[in-house]
Amino acid sequence: MTNPDIVVENPDKWLENPDKCFENPDKCFENPDKCLGNPDIFSPNKNSPEKFTNEPPIRQEFTKNARIVTERKEDFSLIALERAIPLIILMLEALLRRLPGGHPKRKDIEESLRTQKAGYNGEKSVDYYLNFLDQEKFMIFKGLRLNNNGFFFQIDTLLITPFFALILEIKNWGGEIHFEKNFCQVFQEKDGKTATYTNPVSQAKLQTRNLREWLKNHNFPDIPIEFLVVMSNNTSKLKADPGYYEVFKKVTLAIRLIEKVSEIEKSHKQMVLESKAMKKVMKVILQQHMPHRPDILKNFTISTTEILSGIICPKCLSFTMKFHYRKSYCDRCGEISQTAHLEAIQDYFLLISPYLTNSELKRFLNLPKPDQAYNLLTSLNFPFTGTKRGRVYYQPPNWQPDMLLPQRKD
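According to full-length UniProt numbering, the stretch in the sequence shown is residues 1 to 410, in order.
Spelled out as structure tokens, the structure:
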């Protein structure tokens, strides 16, 4: 019943019948059907790009990153979905690159970027411990986001076995962490400051309910779903209100993750998903996975007119590069780059819109001639609709920002 990671304090505060938690967890009220007036091309269920003239492959990034399930009946060893750098991190980085140095929102953006990177780094650190799982038992989905009846829910890490599913809610919190029972809150004491957060136990419960409904809606068997809250910072000091037994059971430091997973395994002996069902689960999850794409300018109340246009020099970081025949040349330092113009296009996709025209590319890259924009877009083989002057080029389906560039190192 006890958890060595958590200590009980203030026993006089324990209540026999604590009030229920009426927290309102964050929900995404996105409506993908409203996407740019042309929703079909961005649908995760789209199997063929008949609206595109040049037929790009669909779901190529997910299938490329997924290892194939072996034909051996009991062997489901794979990372079905690798953890990608969250789009919001790349958006915030692009935003900082393209705002003037004295912009009043820079500090807020920098703070948001630090928070997002801390969360991402915490998730990656927990990924390390997953390497010690029995590699013949688990399918692992990292950074998963699914649509449940019009509302999106995100799972930091999902483990699926033939016997049960396990949700990992990962938090990268340092200092002293106190789990409060009555109002479902968490208090962090660090460097003399106190911060208040939504209780991750409540978040994981909501994810469990959403995942159960999602599996039911897709006609999968009723598999047991467990959850753990994993604190990625192993030096954190965890505390909980007296009688808050759920925290003792469900919250763990990352270093004890494998031990906790083993305990859960021992309590589930009945096979629910056979080999064929496991493969189907993986296929449908990968088809339905939709990374979160926030409207970053709207979030910070920034106009597109405040975004600096031009090609950024990778050496001197000025906006003085000029594009000519697949290369960019810096008038300031003489740097020559074969990718700087591609990075500028990525910034456009991240900040402005997932589609563009010849004139919009010409304006954003400060190109002197319209035919330069046309030739560049044609060479990139982006999907498009329309002809001649009315042609619109689209960010490829399931596009990842580094698709145009050499592989980025985290």
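The beta-carbon is built from N, C-alpha and C at its ideal position, and this holds for glycine as well.
Computed from a predicted structure; not experimentally measured.
Let's test the definition: count the other Cβ atoms within 10 Å of the Cβ of residue i and tell me whether it reaches 16, buried, or not, exposed.
i	result
PRO397	buried
GLU111	exposed
ASP127	buried
PRO368	exposed
ASN199	buried
THR208	buried
PHE349	buried
CYS330	buried
SER379	exposed
ARG326	exposed
CYS192	The sequence as given places Gly at residue 192; Cys does not occur at that position. When all chains shown are included, GLY192 counts as exposed.
LEU317	exposed
PHE132	exposed
THR252	buried
PRO162	buried
GLU50	Legend: pLDDT at GLU50 = 34, less than 50; position of this residue unreliable, value from coordinates given subsequently. Answer is exposed; the Cβ neighbour count stays below 16.
GLY122	buried
ILE109	buried
PHE29	Only weak support exists for where PHE29 lies, its pLDDT of 36 falling under 50; the coordinates are left without a value.
ASP347	buried
HIS324	exposed
ARG83	buried
Select from the options the residue whose C-alpha is nearest the C-alpha of residue i.
i	options	result
PHE164	THR115, GLN203, PHE220 and LEU92	PHE220
ARG114	ASN172, SER232 and LYS193	ASN172
ILE170	ASN233, GLN288, GLU213 and ALA344	ASN233
residue 411	ASP371, PRO291, LEU367 and SER359	Beyond the ends of the chain as shown, which are 1 and 410, falls residue 411; an answer cannot be given.
PRO104	GLU306, LYS181 and ASP134	GLU306
GLY119	ASN182, VAL230 and PHE179	VAL230
PHE319	GLU343, ILE177, MET139 and LEU215	GLU343
ALA195	ARG256, ILE352, ILE155 and GLN185	GLN185
residue 411	ASN121, GLY122, LEU215 and GLY175	Only positions 1 to 410 of the chain appear in this structure, which leaves residue 411 out of reach.
PRO354	TYR394, ARG106, GLY102 and GLN188	TYR394
ALA240	ILE302, LYS137, GLN116 and GLN188	GLN188
GLU265	ALA277, LEU228 and LYS279	LEU228
GLN116	LEU90, LYS107 and LYS276	LEU90
LEU81	CYS313, VAL284, HIS324 and ARG332	VAL284
GLN203	LYS250, THR339 and ILE223	LYS250
ALA277	GLU335, THR385, ILE223 and THR301	ILE223
ARG106	THR357, PHE300 and GLY175	PHE300
ARG389	ASN381, ASN366 and LEU356	LEU356
Hey, how far is the Cα of residue i from the Cα of residue j?
i	j	result
LEU211	HIS268	18 Å
LEU238	GLY143	25 Å
PHE364	PRO100	16 Å
residue 439	ILE79	Absent from the structure is residue 439, since the part of the chain shown begins at 1 and ends at 410.
PHE152	LEU206	12 Å
VAL272	LEU297	45 Å
residue 411	ILE311	For the chain, the structure presents residues 1 to 410; residue 411 sits outside this window and is missing.
SER125	ILE255	10 Å
THR157	HIS289	13 Å
ILE140	LYS181	31 Å
ASN375	LEU361	11 Å
GLU274	GLU259	25 Å
THR53	ALA373	Note that THR53 scores a pLDDT of 34, beneath 50, so its modelled location is shaky; the value from the coordinates is reported in the next line. Computed Cα separation, rounded: 19 Å.
PRO370	THR387	15 Å
ILE85	LEU130	18 Å
GLU226	LYS137	16 Å
ARG345	SER303	Checking the displayed sequence, the identity of residue 345 turns out to be Ile instead of Arg. Whole-angstrom Cα-Cα distance: 18 Å.
PHE183	LEU257	27 Å
LEU286	HIS218	13 Å
LEU159	GLN270	17 Å
LYS73	VAL261	Its pLDDT being 40, under 50, LYS73 is placed unreliably in this model, and the coordinates cannot settle the point.
SER328	CYS313	8 Å
ALA340	ARG332	15 Å
PHE338	PHE384	Residue 338 is actually Gln in this sequence, not Phe. If I take the Cα positions, the gap works out to 24 Å.
VAL201	GLU263	18 Å
LYS315	ILE336	9 Å
GLY174	LYS190	7 Å
residue 411	LYS279	No information on residue 411 is available, as it lies outside the stretch 1 to 410 that the chain covers here.
Name the DSSP bridge partner or partners of residue i?
i	result
LYS142	THR157
HIS178	PHE187 and LYS239
GLU226	LEU166
THR252	VAL230
ILE336	TYR329
LYS322	TYR329
TYR197	VAL186
PHE384	TYR393
LEU78	MET139
If residue i sits next to residue j, beta carbons under 8 Å apart, how far is it from one beta carbon to the other, in whole angstroms?
i	j	result
TYR244	PHE179	6 Å
LEU96	LEU351	Their Cβ separation, rounded to whole angstroms, is 11 Å, which puts LEU96 and LEU351 out of contact at 8 Å.
LEU308	ARG145	Going by Cβ atoms, the distance from LEU308 to ARG145 rounds to 31 Å, so no, they are not a contact pair.
ILE155	ILE167	6 Å
LEU87	HIS292	7 Å
GLU213	ASN148	6 Å
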